[in-house]
Amino acid sequence: MQKGQIVQSLSGFYDVKSDGEIFRTRARGNFRKQRVSPLVGDWVEFESHAKNEGYILKIEARRNELVRPPLANIDQAVVVTACVQPDFSANLLDRQLVTLEEKKIRPIIYFTKGDLTPQAKQAELEQLAVGYRKIGYEVYLNWQAFTSEALKKLETSFANRLTIFMGQTGAGKSTLLNHIDKRLALQTGEVSQALNRGKHTTRKVALFPVGDGLVADTPGFSSYTVFEMRLEELKNLFPEIAEASMNCRFRECLHINEPNCAVKAAVDAGKIMASRYENYVQFFNLIKAQKPDYQRKGYSKKKGK
329 MQKGQIVQSL
339 SGFYDVKSDG
349 EIFRTRARGN
359 FRKQRVSPLV
369 GDWVEFESHA
379 KNEGYILKIE
389 ARRNELVRPP
399 LANIDQAVVV
409 TACVQPDFSA
419 NLLDRQLVTL
429 EEKKIRPIIY
439 FTKGDLTPQA
449 KQAELEQLAV
459 GYRKIGYEVY
469 LNWQAFTSEA
479 LKKLETSFAN
489 RLTIFMGQTG
499 AGKSTLLNHI
509 DKRLALQTGE
519 VSQALNRGKH
529 TTRKVALFPV
539 GDGLVADTPG
549 FSSYTVFEMR
559 LEELKNLFPE
569 IAEASMNCRF
579 RECLHINEPN
589 CAVKAAVDAG
599 KIMASRYENY
609 VQFFNLIKAQ
619 KPDYQRKGYS
629 KKKGK
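Residue numbers (the numbering used here): 329 to 633.
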């Protein structure tokens, strides 16, 4: 029996890296019965009689996992966010940040296409970048495309970590990775003018060795529709809201309609970005309206139901 990490999944096959070698494997049928699927990033035990004929026997406990993109044991995520083409969406950015906070994955915000951004829009984006930095997020925003200083700084953060690149389709994830390491030669695509959305170019999930760490280029997406956290957990996934809530009159304040709410006072005073609070309220209402999924964490189905 051998141990290794899944570095690629494609059409039911899983490539496992063990002692510097790659073994192509399949998952045993018992995983299907347990409703468990191996994910890229999983540490596994496997047996292999040849490099292209192996079977995964056991999946080690995961530190975290994502559904979109399907990955496990992630240390940090570079959220690639276009300034334009497709248009910047604070709502989509906050959806991604909330998901990463819930999974305890360190977010890095990287704005792309700054060189294509009209000057009239630059001041607005600069202000947003300042706001996210004040929260504590690392933010990259340059009006020149792919500056060597920014690329080198970003690459140094990869060391001894599993880093994922995620973001809206067409935001430029693969292009950014190609500038960091030209050996990758990842396929890139253009933005659909009709939909203002990018055309998917990444069809598989794979890990690449970059900057003394592992990096994933993942299939793009256009939206997040489901939140996995419970309603009362949401407020803790906005760091600035969690901090301000310490001064709320009521300990269980949800910062919606309660009186003497320190969070709403901070919004009125400009200490919390209005867009962040608006997105918090929207996400709160979306979670409230979601039908319970008893297979998600936080729910326990009563016996006899």
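Glycine included, every Cβ here is placed at the ideal spot set by N, Cα and C.
Treat the numbers as computed from the prediction; the structure is a model and nothing was measured.
Point to revise | Strand pairing of I402, partner residues [DSSP] | key: Looking at the DSSP assignment, I402 forms no beta bridge with any residue, so it has no partner.
Review point. I think A590 touches S603, with their Cβ atoms under 8 Å apart; what is that distance to the nearest whole Å?
Key: So it is not a contact: roughly 19 Å between Cβ atoms.
Exercise for review: Please work out which residues of its chain come closer than 6 Å, Cβ to Cβ, to N419, disregarding the five sequence neighbours upstream and downstream, and give them in chain order.
Suggested key: N607
Check your understanding: In this structure, does DSSP put V407 in helix, strand or coil?
Key -> strand
Practice item. Have a look at V372 and G539 and give me their C-alpha separation to the nearest angstrom. Key: 24 Å
Check your understanding: In terms of DSSP beta bridges, what is G332 paired with?
Key -> V372
Review point. Would you say N488 and K432 are within 7 Å of each other, going by their C-beta atoms?
Key: no
Exercise for review: Just confirm the distance between the C-beta atoms of E568 and I600, as a whole number of angstroms; I'd bet it's less than 8 Å.
Suggested key: 5 Å
Point to revise | Cβ-Cβ separation, L453 to T445 (assumed contact under 8 Å), whole Å | key: 7 Å
Check your understanding: Under 7 Å between the Cβ atoms of I437 and V458?
Key -> no
**Study point:** Sequence-distant residues of the same chain with beta carbon closer than 6 Å to D370, five excluded per side
**Key:** Closer than 6 Å at Cβ, skipping near neighbours: I334, I387, A400.
**Study point:** Rounded straight-line distance, which links the Cα of F439 to that of Q610
**Key:** 24 Å
Point to revise | Residues of its chain near H507, where Cβ-Cβ distance is below 7 Å and the 5 sequence neighbours each way are ignored | key: F474, L479
Review point. Apart from the five residues just before and just after D403, which ones in its own chain have a Cβ nearer than 6 Å to its Cβ?
Key: Excluding positions up to five away in sequence, the list reads R489, L490.
Review point. Going by beta carbon distance, what residues of the same chain come within less than 6 Å of K331, once the five residues before and after it are set aside?
Key: Around K331: E373.
Check your understanding: When you compare each of Q450, L394, D415 to Q424 by their alpha carbons, which one comes out closest?
Key -> The option with the nearest alpha carbon to Q424 is L394.
Point to revise | Per-residue burial, D415 [other beta carbons within 10 Å of its own, 16 or more giving buried] | key: exposed
Exercise for review: Output the distance between the C-alpha atoms of A617 and A534, rounded to the nearest integer angstrom.
Suggested key: 35 Å
Practice item. Using the Cα positions of L421 and Q496, report the straight-line distance between them to the nearest angstrom. Key: A direct Cα-to-Cα measurement between L421 and Q496 gives close to 9 Å.
Review point. Looking at C-alpha atoms only, which residue of K532, L469, R356 is the closest neighbour of I384?
Key: R356
Review point. Curious, which full-length alpha helix (DSSP H) runs of at least 4 residues does the segment 530-606 contain?
Key: 567-572, 590-596
Review point. What's the gap between the Cα of V407 and the Cα of Q362?
Key: 32 Å
Exercise for review: Keeping to the same chain, check which residues put their C-beta closer than 6 Å to that of N564; ignore five residues upstream and five downstream.
Suggested key: By the criterion of a C-beta distance shorter than 6 Å, N564 is surrounded in its chain by A570, once the five residues flanking it on both sides are discounted.
Check your understanding: By how many angstroms is the C-alpha of R434 removed from the C-alpha of L482?
Key -> 13 Å
Exercise for review: Could you say which of K345, R352, G348, S346 lies nearest to L338 if we only look at CA atoms?
Suggested key: If we check each option's Cα against that of L338, R352 comes out closest.
**Study point:** M557 burial status per 10 Å Cβ neighbour count (16 or more: buried)
**Key:** Label assigned to M557: buried.
Exercise for review: Would you tell me roughly how many angstroms separate the C-alpha atoms of M494 and A405, rounded to the nearest one?
Suggested key: 7 Å
Review point. Where does R290 fall in DSSP's three states?
Key: Residue 290 is absent from the structure shown; the chain starts at 329 and stops at 633.
Check your understanding: Can you tell me the Cα-Cα spacing of S502 and P366, whole angstroms?
Key -> 24 Å
Practice item. Rounded to whole angstroms, what's the CA-CA distance from Y605 to N588? Just pull it up for me. Key: 16 Å
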